[in-house]
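Take a look at the structure below.
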Amino acid sequence: MTRFLLLFLVSAAGLFGQMETLDLGPHGRLTLYLLGEWRANTTRNTEQITLTLAPKKEGVNASCTVQVSFPETDRYDTKARLKLRVEADCYGIAEESVEKKAYGREFSLSTGYGFYCSFTDPKLRGRPMEKGNYKVMSVGKVRLSAAVLVDVQIMGEGFADEAYQQLLGAIEGMEYTPGRGR
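Residues in the sequence shown are numbered consecutively from 63, following the working numbering.
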């Protein structure tokens, strides 16, 4: 069922959405399929590539940051190690959240594997939308290959919110094409 949903999202994005492709040089190519209307901004330096997604519509309060890095050493060669790292990285955020603990959830990916933790801001829960102040946040990592690691941060008004779901769908539906590098 999940595979069917991902296939549907990718197909629908081709018809009604946009596509953002990151050239990872010798490491390959990463393509995200986005439903809805999003502004994309890419910055790159020698060590990483960052893609920031923000809504084009003023009434939508969500954003996503995708940061691709190329580690020399593969420290996350098992799912257990990656999940442990994600939960440890989120410890500080968890203490300040409604959840109080970081629970790693697995991304549903076609290539590689990844985990994310989701949090709710107790100060903003139940309040009206304030542009740029996000009620929920998900933070995680995706290991696409031994040499390609993706850090993900999705923020929005709610986990069931359409914009949040579009961004989560873009991450889970992303396609990685390996390059000729290691």
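Idealized CB from N, CA, C, for every residue including glycine.
Judged by beta-carbon spacing, residue 80 lies beyond the 9 Å limit of residue 212, meaning their Cβ atoms are not closer than that value.
Remark: C-beta atoms of residue 117 and residue 209 do not approach each other more closely than 9 Å.
DSSP, read as helix, strand or coil, puts residue 148 in helix. Inter-residue distance for residue 172 and residue 163 is about 28 Å (C-alpha atoms, whole angstroms).
Taking residue 168 as the centre and dropping the five residues before and after it, the same chain places the C-beta of 177 closer than 6 Å to its C-beta, in chain order. Here the alpha carbons of residue 218 and residue 184 stand approximately 14 Å from one another. Annotation for residue 157: no beta strand (DSSP E) segment contains it, though the alpha helix (DSSP H) segment containing it runs 153 to 157. Taking a C-beta distance under 9 Å as the contact criterion, residue 166 and residue 202 qualify as a contact pair. Distance from residue 241 to residue 86 at the Cβ level is roughly 6 Å; contact confirmed, criterion being Cβ atoms closer than 8 Å. Scanning the region 167 to 193 from its first residue to its last, the whole beta strand (DSSP E) runs of 3-plus residues come out as 175 to 182.
Beta-bridge annotation (DSSP): residue 236 is not paired with any residue. According to the DSSP assignment, residue 96 belongs to the beta strand (DSSP E) that extends over 90 to 96.
Under DSSP, the beta-bridge partners assigned to residue 102 are 115. Residues of the same chain with a CB within less than 8 Å of the CB of residue 101, apart from the 5 flanking positions on each side, are 115, 116, 117, 118 in chain order.
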